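A quick write-up on the structure given underneath.
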Ligand code: DSN
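Numbering (my numbering), first residue to last: 169 to 590.
Below is the structure:
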């Protein structure tokens, strides 16, 4: 199908070919990225993109829903099954909208929310100052402990007692350790707050039983359908039965119009894939690879926030290397290793040029890489950092990366016109 595009729009086809080659010819370590299966890709690029379906199955505002109702019900059923949740809404366009909908369902504008501060690993929509979530709501962000890099539950409990939030958000985008959702649930209960848990990053690990699930301890759980879960780009909300109606109304008509039915279809496919022993093995390997990569980086003298990882991601504190995160990320990109610069707890530098680097293993694991390759990736990173101003060495590393990539090819449908690599 993609190759047929060459005929209709050669310019866009050529750009897609280049992007496919980039994804195949680089080591992609951004922890929120992955490679979807051919089935997910096909569902995503299907005739379902043509259909409007405002409303919910059995109660739509447009006719012609004979098939879409079945698809959305199937997606919801598969989501509730794998997450063991009472109710699922699979319509949010993204994790950001899902988070907004969770707030809109439970609290009023001006109410206080408490989420992890962006510069300590939280998400923009957890109430960070430049997000509308801090304008619609009164936001009291909580930090992580600067010395340990870990959540300090006594501090969070005291902050909650002081500010009496209506919502406490657990979950993060740059926290390398397991999150104790039960403790968050208890802190929320003690101050009569709702507990919203955002598991966008770790959803695949939760489904596989490798990370504890927040479902028993949270009123609403928000997630994306991609990242470790390896579905299409989208958002989802899970909740207890008592909140189902409010959550559904907050998504539609509260925040959105018609759901993206092609995405819902691909979500249904991805949830069936996640409900398999192969997916559990994949998720276990993601964590094994992250630990192997982290341990090797420690051997090379890198400082890691919290000293290591329990999940799919690693946060490198580059302050002992005296090189800013952005410079390292850009040099690594030239060596075909794709990462993102990130703040570290207590970072004196701004988010636009912070002191850290965030990396993760979901995508390399999908390619079939295991611990030896994860260690090899650590060696590549070390070589680039040690030679940060030496373009010859950086280019050499790029060639070695390309060689490694050629041994761990991406899924076949990523190959366009037989030109996999750049
Ligand atoms: N921007 C995503 C991430 O990379 O973590 C979260 O939305």
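Ideal placement from N, C-alpha and C gives every residue a C-beta, glycine not left out. Bear in mind that the values here come from a model prediction, so they are computed numbers and not experimental data.
Where residue i sits in the DSSP three-state scheme
i           : result
residue 338 : strand
residue 589 : Any reading at residue 589 needs caution, since the residue's pLDDT is 47, under 50, leaving its predicted position unreliable; the model's value is listed next. Coil.
residue 227 : strand
residue 373 : helix
residue 307 : strand
residue 529 : coil
residue 271 : helix
residue 202 : coil
residue 511 : coil
residue 319 : coil
residue 537 : coil
residue 171 : coil
residue 434 : helix
residue 356 : helix
residue 385 : coil
residue 189 : helix
residue 451 : helix
residue 553 : helix
residue 362 : strand
residue 475 : helix
residue 207 : helix
residue 195 : strand
residue 501 : helix
residue 546 : helix
residue 593 : Since the first residue of the chain shown is 169 and the last is 590, residue 593 is not available in this structure.
residue 392 : strand
residue 506 : strand
residue 367 : coil
residue 577 : coil
residue 293 : helix
residue 325 : helix
residue 278 : coil
residue 255 : strand
Supposed contact pair residue j and residue i - C-beta distance, whole angstroms, cut 8 Å
i           : j           : result
residue 336 : residue 355 : 6 Å
residue 363 : residue 386 : 5 Å
residue 508 : residue 198 : 5 Å
residue 344 : residue 506 : No, residue 344 and residue 506 are not in contact; Cβ-Cβ is about 19 Å, not under 8 Å.
residue 442 : residue 375 : 5 Å
residue 454 : residue 533 : 5 Å
residue 562 : residue 527 : 17 Å between Cβ atoms; not a contact.
residue 424 : residue 259 : 6 Å
residue 365 : residue 338 : 5 Å
residue 479 : residue 346 : 7 Å
residue 369 : residue 200 : 7 Å
residue 192 : residue 573 : 7 Å
Through-space distance from residue j to residue i, alpha-carbon basis
i           : j           : result
residue 530 : residue 311 : 26 Å
residue 495 : residue 250 : 41 Å
residue 475 : residue 459 : 11 Å
residue 523 : residue 490 : 9 Å
residue 560 : residue 548 : 14 Å
residue 271 : residue 171 : 43 Å
residue 352 : residue 340 : 13 Å
residue 592 : residue 252 : In the structure as shown, the chain starts at 169 and stops at 590, and residue 592 therefore has no counterpart that could be examined.
residue 512 : residue 484 : 8 Å
residue 504 : residue 254 : 43 Å
residue 467 : residue 202 : 27 Å
residue 409 : residue 390 : 15 Å
residue 452 : residue 535 : 14 Å
residue 428 : residue 256 : 16 Å
residue 590 : residue 283 : With a pLDDT of only 45 at residue 590, under the threshold of 50, the placement of this residue in the model should not be trusted, and no figure is reported.
residue 537 : residue 571 : 13 Å
residue 413 : residue 224 : 11 Å
residue 298 : residue 234 : 42 Å
residue 109 : residue 566 : Since the first residue shown for the chain is 169 and the last is 590, residue 109 is missing from the structure and cannot be characterised.
residue 380 : residue 178 : 47 Å
residue 189 : residue 205 : 17 Å
residue 238 : residue 220 : 14 Å
residue 175 : residue 182 : 11 Å
residue 229 : residue 222 : 6 Å
residue 334 : residue 309 : 13 Å
Closer than 8 Å to chain B by CB, residue i
i           : result
residue 425 : Although the question refers to chain B, the structure presented lacks it and comprises just one protein chain.
The stretch 201-210 touching the stretch 393-411, judged by at least three CB pairs closer than 8 Å: yes
At least three beta-carbon pairs within less than 8 Å, the stretch 430-448 to the stretch 281-301: no
Cβ pair count under 8 Å reaching 3, the stretch 401-420 against the stretch 249-267: yes
The ligand DSN site residues, beta-carbon cut 5 Å against heavy atoms: 200, 341
The stretch 539-556 touching the stretch 493-506, judged by at least three CB pairs closer than 8 Å: When Cβ pairs closer than 8 Å are counted between the two stretches, the stretch 539-556 is seen to touch the stretch 493-506, the count reaching three or more.
The stretch 417-424 in contact with the stretch 388-396 per 3-pair CB rule at 8 Å: no
Contact between the stretch 232-244 and the stretch 421-440 (3+ Cβ pairs under 8 Å): yes
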